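Comments concern the structure below.
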């Protein structure tokens, strides 16, 4: 017998509410964050009458999309130009606070096209996560800068309107204090957005601003802040309730008022390169932004990157610098000694006055070992380089971390080890023996000191970890110059120049600077005149002759190894069919370990947009076919 089911009362169906579109600008174009890569174009929606006041360009909204509700960003509003029967209504306005402007929305598209990605990928990097609590708490209170009465050492050129310059930082000063002063002076007239390469520099400049004008006058836009604090400061700055914003690379997209100033500090830093798609870098975004917007652009550093040097060379950027003359000595090690005899007298004399800074190439102890008999390099069975963590430590593989307790040279069978690549720990031992009875201060790796007292001491640091001394060092010693300039990298000279000028800038006025390398090396003359440009121009000329960056757009595709040849053939075929420029240079794939490969392309700047558009379309087709997306690097920091 079938058991009867209990009766249920039928609820009356709710009457369907007929939505009415707004009488004006009833269509909103929206980027919908659907999570599907190839659905990156803008979609049109109807604006309900009851939401028309709140649906503004740059606000977040909820919209129906493929049987679900997705978040979207309003990029424009307009009038009806065709039938709206198939258009859906915006569901709701998530927040009435605009998080983008016409200018930044246009920038998102330009960056996506420049770096062969999607605008939505750029948006995810550019706009901080929302905090509903912050939106309820925020008011219209402004924090105008206090009146300032202090002497300025800033070049007058840097205080002009509508400038585009590279500012070569002066020596004998605190870069943090100098930058803070520039920021505050320019913020008297309009908003200033300053972008820094790391949190330590941001903290240093923030402290100097606090000293100049007090606390509470700037917004802080970095991932180190609490989510709610970052969103609050983002809104305060975009609503022009704060005139100064300090941030890291992601803050480069922050909306700016007309006539504002964008400052990018140490523009050559690798920290400005975003690792997530579409892998833009803050310097190039700033340059792209200044081309299409009305604000001042100031790039800073001790020595310009090759990209900026080219713009200086063609006159797109102007150079602002403070020429000065310095006492620079150099001599080369003849028998493997750490400090040639010429450097000893300089260091001894300096230690009678104050601290001496030693800039060394790397952290660690012995970063490579050689056979002392035949000089064959020591390698692990896995192919990794063998290193030593201390004088008594056994060799250890830098890759698999295997410890070798009975190492023998694979070439001659020798057992004695020669340390070929000394790190700061080894330098500390050797310098301590050479100059006994002096305190030693070390700054590198996980233990970085930002400041030290001005007392007699030996201060050793790796690049970027140099402690600041009020009043400056009595001498600066730049060790193993050939290692700084001898890296197998296209950026080696660029990096070394910035490190050397940065380290030398910490010397007190009139102090000696000693370099352990050949006296004829051009860096010696560059530091003596505090002018890297002659050296930079020579390198630019060499690169132009060879067709290297920054004279062509370089693109690296990281591809699945088993598809590398097929992808290469497809690109070659597209070039044969005139879908890609004839001037595109395509190099055969390089197959690495773990089924990975890479394909390198280069193209003249004026034809690069054709190539990036092709790659954007190619990615969409791969996504539609459910294939793994390629990893595209456009003008990467390193080519390999």
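Numbering (the UniProt record's numbering), first residue to last: 1 to 640.
Using N, Cα and C, we set each Cβ at its ideal position, and we do this for glycine too.
Bear in mind that the values here come from a model prediction, so they are computed numbers and not experimental data.
Sequence-distant residues of the same chain with beta carbon closer than 6 Å to residue 319, five excluded per side: 166, 312
Segment limits, beta strand (DSSP E) that includes residue 254: Element bounds for residue 254: n/a, residue is neither H nor E.
Beta-carbon contacts of residue 202 that lie in its chain and below 8 Å, excluding the five residues immediately before and after: 196, 220, 222, 246, 247, 248
Beta-carbon proximity list for residue 501, same chain, < 6 Å, skipping 5 on both sides: 302, 303
Collapsed DSSP secondary structure at residue 339 in the structure displayed: coil
Local conformation of residue 2 per DSSP, three classes: Because residue 2 sits at a pLDDT of 48, beneath the cut-off of 50, its placement in the model cannot be relied upon, and the following sentence gives the value as read from the coordinates. Coil, per DSSP.
The segment 182-200 in contact with the segment 258-274 per 3-pair CB rule at 8 Å: yes
Sufficient close CB pairs (3 or more, under 8 Å) joining the segment 174-185 to the segment 547-566: no
Whole-angstrom C-beta distance between residue 326 and residue 527, which should lie under 8 Å: 6 Å
Paired residues, beta bridge with residue 558 - DSSP: 598, 631
Identified DSSP bridge partners for residue 584: None; residue 584 has no bridge partner.
Any alpha helix (DSSP H) of 4 or more consecutive residues that is wholly inside the segment 42-116: 102-114
Bridge partner(s) assigned by DSSP for residue 397: 386
Cα-Cα separation between residue 2 and residue 66, rounded to whole angstroms: For residue 2, the predicted structure reports a pLDDT of 48, less than 50, and the residue's modelled location is therefore unreliable. A value from the coordinates is still provided. Distance between the alpha carbons of residue 2 and residue 66 is about 42 Å.
Nonlocal neighbours in the same chain, by C-beta distance under 7 Å from residue 361, ignoring five residues either side: 480, 483, 484
For residue 145, the first and last residue of its enclosing beta strand (DSSP E): It is not in any beta strand (DSSP E) - residue 145 carries neither H nor E in the DSSP assignment.
DSSP-derived helix/strand/coil call for residue 264: strand
Residue burial classification, residue 72 (beta-carbon count within 10 angstroms, cutoff 16): buried
C-alpha distance - residue 49 paired with residue 27, whole-angstrom precision: 11 Å
Residues of its chain near residue 444, where Cβ-Cβ distance is below 7 Å and the 5 sequence neighbours each way are ignored: 363, 424, 461, 462, 465
Three-state secondary structure (DSSP) of residue 447: strand
Pairwise C-alpha distance: residue 508 and residue 160: 30 Å
Under the three-state DSSP convention, the category residue 276 falls into: coil
Pairwise C-alpha distance: residue 616 and residue 113: 8 Å
Stretch-stretch touch, CB-based, cutoff 8 Å, three pairs: the segment 125-140 with the segment 622-629: no
Residue of 538, 536, 598 minimising C-alpha distance to residue 561: 598
Cut-off 8 Å between Cβ atoms - residues of its own chain near residue 344, not counting five sequence neighbours on either side: 434
Sequence-distant residues of the same chain with beta carbon closer than 7 Å to residue 556, five excluded per side: 598, 600, 633, 636, 639
DSSP beta-bridge partners of residue 316: According to DSSP, which records beta bridges pairwise, residue 316 is partnered with nothing at all.
Exposed unless 16 or more other CB atoms sit within 10 angstroms - verdict on residue 366: buried
Proximal residues to residue 186 (C-beta, below 6 Å), its chain only, five neighbours per side dropped: 192, 261
Where residue 500 falls: helix, strand or coil (DSSP): helix
Straight-line Cα distance separating residue 51 from residue 62: 12 Å
CB-CB length for residue 580 against residue 614, believed under 8 Å: 6 Å
Residue 575 versus residue 584 - alpha carbon distance: 8 Å
Where residue 517 falls, given that 16 or more other Cβ within 10 Å makes a residue buried: buried
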